[in-house]
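Residue numbers (our numbering): 34 to 138. Glycine included, C-beta positions come from ideal geometry on N, C-alpha and C. Note that the structure is predicted; figures quoted are calculated from it, not measured.
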């Protein structure tokens, strides 16, 4: 019985070692998604200023005015490409704000 138990423990350890990289990557992706989910969208955002998002997404964003990327991503009719474009837009805005603050300092 002890020998069977040892084999099970060895098999469990081998499995953990084999999949450690995949599990680590998955955990990193979950953390990244959580950060993205919580990323705030400025209340004064001009949805018409964002090029390339689908018309349906733009209309829904204007109507619902989501507060976070997570909320925006759960709106029916908004696809992942629209969310990606929104994130790139927000990053660009953050960079330009940072540069302006550096120039003033």
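Give me the residue from the options with the minimum Cα distance to residue i.
i, options, result
"residue 103", "62, 43 and 66", "66"
"residue 76", "47, 130, 107 and 95", "95"
"residue 78", "133, 134 and 124", "124"
"residue 80", "64, 97 and 69", "97"
Beta carbon of residue i, beta carbon of residue j: below 8 Å?
i, j, result
"residue 72", "residue 101", "yes"
"residue 83", "residue 119", "yes"
"residue 113", "residue 74", "no"
"residue 61", "residue 87", "no"
What is the DSSP secondary structure of residue i, reduced to helix, strand or coil?
i, result
"residue 91", "helix"
"residue 107", "coil"
Mind checking residue i: buried by the 16 CB within 10 Å criterion, or exposed?
i, result
"residue 90", "buried"
"residue 105", "buried"
"residue 121", "exposed"
"residue 93", "buried"
"residue 111", "buried"
Got a sec: does the ligand ADP put a non-hydrogen atom nearer than 7 Å to the Cβ of residue i?
i, result
"residue 58", "Inclusion of the ligand ADP in the displayed structure is not the case, the ligand content being empty and no account of it being possible."
Inside the region 56 to 83 only - beta strand (DSSP E) runs reaching at least 3 residues: Counting whole runs of 3 or more residues, the region 56 to 83 contains no beta strand (DSSP E) stretch at all.
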